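Residue numbering for the sequence shown follows my numbering, starting at 3 and increasing by one per position.
For each residue, glycine too, the CB sits at the ideal point set by N, CA and C.
Everything numeric in this text was worked out from a predicted model, so none of it was measured.
See below for the structure under consideration.
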Amino acid sequence: MDVERISERLKAGDPAVGLRAVSALHRLAERVEALSVAAAREQGWTWEQIGDALGMSRQSVHAKYGK
């Protein structure tokens with residue numbers, strides 16, 4: 003489904019469309035975050051630098067991605 007069709011359905015007040023869109027965006031954001039953290043670590047970024055970029059503490063980022 004393209005953005006224009008989703009936008010039109012959202013304007014029509016269909017909450018199921020909005021909720022599915024939010025869920026998809028959350029999954030996408032998690033994937034982009036994980037890939038970006040991995041890339042940053044490969045480039046030598048510290049957990050503190052990554053945490054600062056994400057607005058999180060270094061401990062939180064490390065706990066989430068330090069495996």
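{"Item": "Neighbourhood of W49 by C-beta, 6 Å cutoff - its chain only, sequence neighbours within 5 removed", "Value": "R60, V63, H64"}
{"Item": "Between the CA atoms of L12 and G20 - distance to the nearest angstrom", "Value": "6 Å"}
{"Item": "Boundaries of the alpha helix (DSSP H) in which D16 is found, first to last residue", "Value": "Element bounds for D16: n/a, residue is neither H nor E."}
{"Item": "Sequence-distant residues of its chain with Cβ nearer than 7 Å to K66 (five each side left out)", "Value": "none"}
{"Item": "Distance between S9 and K69 (C-alpha atoms, nearest Å)", "Value": "39 Å"}
{"Item": "A23 Cβ short of 7 Å to the ligand ZN heavy atom set", "Value": "Only the bare structure without any ligand can be found here, which leaves the ligand ZN out of the picture."}
{"Item": "Check whether A42 and I52 have beta carbons under 8 Å apart", "Value": "yes"}
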